[in-house]
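Quick note: the sequence shown, position 81, residue 81 per the UniProt record's numbering, numbers continuous.
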Amino acid sequence: MLAIRFMRTGRRNRAFFRIVLTESSRPPKSNCIKELGWFDPHTKQTSLHEEEILKYLNTGAKPSNSVAKLLLENKMKHKQIVYKPDAPKQKRGKGDQEKTKTQEPTAETEPTEDNTHESAKEEEVAQTEEETPQENEEKAQEAKVETKEEDKTAENEDQKES
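See the structure below:
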């Protein structure tokens with residue numbers, strides 16, 4: 001499948017991009033089939049061969065996300081040109097770190113192991129009525145992993161005491 005994407009050229013700290021048509025499975029700097037334009041991010045100048053780009057889009061070439069954004073900024077319209085914005089990044093602040101610290105149970109507030117297993121079983125029984133069998137299997141595997149981790153921590157504490 002053909003892809004329309006950027007090929008980075010230029011020197012260090014002075015990027016320059018060629019807009020090229022390449023095979024999608026090939027590396028970006030490999031031999032390109034056709035050069036379709038260029039983009040200078042420092043001066044924001046572009047040069048596009050619009051007729052050729054539309055010709056290759058009609059034959060099934062797909063633009064990369066960054067090229068699609070550039071084509072839309074230059075008012076090119078085609079059904080193949082689809083820009084998907086990145087998901088907003090979540091910033092971790094001090095509030096998030098405090099929450100994780102308070103969520104960890106301490107020795108004073110930990111219930112006994114017998115009570116934890118019984119309450120966990122009761123919760124699983126209540127949830128099984130609402131869930132699918134596949135979800136039940138996943139939760140059972142998670143419960144097994146948690147019990148193994150609890151056993152390991154108990155063994156480690158016993159070894160430290162002796």
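Beta carbons: idealized from backbone N, C-alpha and C, even for Gly.
Contact under 8 Å by Cβ, residue i with residue j
i, j, result
"S66", "F6", "yes"
"E50", "M76", "yes"
"I53", "A68", "no"
"N74", "L36", "no"
Nearest to residue i (by Cα), restricted to the options the options
i, options, result
"G10", "E35, H42, E52", "H42"
Close-in-space but distant-in-sequence residues of the same chain around residue i (CB under 8 Å, 5 per side omitted)
i, result
"L2", "L21, T22, E23, S24, I33, Y56, T59, G60, A61, K62"
Close beta carbons around residue i, own chain, < 7 Å, minus the five adjacent residues each side
i, result
"L72", "I81, Y83"
For residue i, the first and last residue of its enclosing beta strand (DSSP E)
i, result
"S47", "45–48"
"A3", "2–11"
"I19", "14–23"
"K34", "34–40"
Host alpha helix (DSSP H) of residue i (start-end)
i, result
"V67", "65–73"
Cβ-based neighbour list, residue i, same chain, cut-off 6 Å, excluding 5 preceding and 5 following
i, result
"D40", "F16"
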